[in-house]
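Undergrad: Below you will find the structure I want to go over with you.
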């Protein structure tokens, strides 16, 4: 079962990399880019076949390792 | 006084840390990250700088889950002393022993230079060899030293006098210029600058010596 995790900096946490990307887009002539936030995507391939259990397990993985919940939020999506 | 220096794959300041403690009179043991216990009688555990596990996932995140880190957390839980420098500070925030998180430097550049620090409190075994308000010069060498905490935690750190060092000229965007913080029992210190790289005239300065001396004095007396 494939599960996708999106990890993003929490709202309000300054994202220096996203801000650098925003500036670069501006210098390329893309106008009106008011904000860029950069995160990461983690794809997991699990032996688990029960979607609810897979989601619960990956949520625990996020809390323990995949995200730093001091500064990051995460979203778990079971892809099937 | 017995110091244990943890070595992760990718640590690169572990030997400097050992030398700094040895010169201050400590018995030093190097401890590999796969070891599941610290040497008997360990007074202080040092988590050195470097790029543990290649900074994969987040700086310090994988190291914080190493077998030795469980012993480190237990040591701190017993009231043991812990010093985390640079990557070691990142590891300590990832374990939850210290609040906050260290993010990419605000200007996105790797910084490697001497910086001026202000000693904010002399009330700890780490800083009792300095005077509060004293300015010292210690090098930084990091890409992810931008210390971030929320307002409530900042208020708490200030109320409890737990900000150990601040930058005189903030190089990385850290909240409130913070360069180093203490745990609530004042026995765990994490800091981005490298005191162990300022213990010999050949380093270009010796302002780090007072930290290792005061630790040794305090822990021998304990």
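Chains as they are written, first to last, in the working numbering: chain Y, 925 to 1004; chain V, 141 to 362.
For every residue, glycine included, the Cβ atom is placed at its ideal position computed from N, Cα and C.
1. Could you run through the segment 194–206 of chain V and flag, in chain order, every residue whose CB is less than 9 angstroms away from some CB of chain Y?
2. Going by C-alpha distance, which of V/240, V/278, V/199 is nearest residue 258 of chain V?
3. Can at least three beta-carbon pairs, one atom from the segment 975–988 of chain Y and one from the segment 932–951 of chain Y, be found at a separation below 8 angstroms?
4. Since I believe residue 298 of chain V is in contact with residue 220 of chain V (beta carbons under 8 angstroms), could you give me their beta-carbon distance rounded to a whole number of angstroms?
5. In terms of DSSP beta bridges, what is residue 335 of chain V paired with?
6. Leaving out the 5 sequence neighbours to the left and right, which residues in its chain are closer than 8 angstroms to residue 265 of chain V when beta-carbon positions are compared?
7. With the cut-off set at 7 angstroms, would you say residue 158 of chain V and residue 185 of chain V are in Cβ contact?
8. Among V/156, V/223, V/194, V/295, which has the Cα closest to the Cα of residue 150 of chain V?
9. Using DSSP bridges, identify the partner residues of residue 979 of chain Y.
10. Report yes or no: do three or more beta-carbon pairs, one from the segment 287–298 of chain V and one from the segment 187–204 of chain V, lie closer than 8 angstroms?
11. With a threshold of 7 angstroms between beta-carbons, can residue 944 of chain Y be considered close to chain V, or not?
12. Could you list which residues in chain Y have their beta carbon closer than 7 angstroms to that of residue 288 of chain V, in chain order?
13. Cβ of residue 946 of chain Y within 7 angstroms of Cβ of residue 960 of chain Y?
14. Please name the residue, chosen from V/261, V/250, V/304, that lies closest to residue 286 of chain V on a Cα-to-Cα basis.
15. So which residues on chain Y does residue 322 of chain V lean against when the C-beta distance must stay under 7 angstroms?
16. Can you pull the chain Y neighbours of residue 275 of chain V, defined as C-beta to C-beta under 9 angstroms?
TA: The relevant details are as follows:
1. Under the 9 angstroms Cβ criterion, the segment 194–206 of chain V contributes 197, 198, 201, 202, 204, 205.
2. Nearest of V/240, V/278, V/199 to residue 258 of chain V, Cα basis: V/278.
3. In short, these stretches do not touch, since the Cβ pair count stays below three.
4. The C-beta distance from residue 220 of chain V to residue 298 of chain V rounds to 26 angstroms, too long to meet the 8 angstroms contact threshold.
5. Bridge partners of residue 335 of chain V: none, in fact.
6. So the qualifying residues of the chain are 221, 326, 327, 354, 355, 358, 359.
7. Result no, Cβ atoms of residue 158 of chain V and residue 185 of chain V do not sit closer than 7 angstroms.
8. If you compare the alpha carbons of V/156, V/223, V/194, V/295 with that of residue 150 of chain V, the shortest gap goes to V/194.
9. Paired residue(s): none; residue 979 of chain Y is not in a bridge.
10. Taking a cut-off of 8 angstroms for Cβ pairs, the segment 287–298 of chain V and the segment 187–204 of chain V do not touch, as fewer than three such pairs fall below it.
11. Look at residue 944 of chain Y: its C-beta is under 7 angstroms from a C-beta on chain V.
12. Near residue 288 of chain V (Cβ distances below 7 angstroms), the residues of chain Y are 937, 995.
13. In this structure, residue 946 of chain Y lies near residue 960 of chain Y, with their beta-carbon atoms less than 7 angstroms apart.
14. For the residues V/261, V/250, V/304, the minimum Cα distance to residue 286 of chain V belongs to V/250.
15. The premise fails here: residue 322 of chain V is roughly 17 angstroms from chain Y at the closest Cβ pair, so nothing lies under 7 angstroms.
16. Result: empty, since nearest Cβ-Cβ is about 27 angstroms, beyond 9 angstroms.
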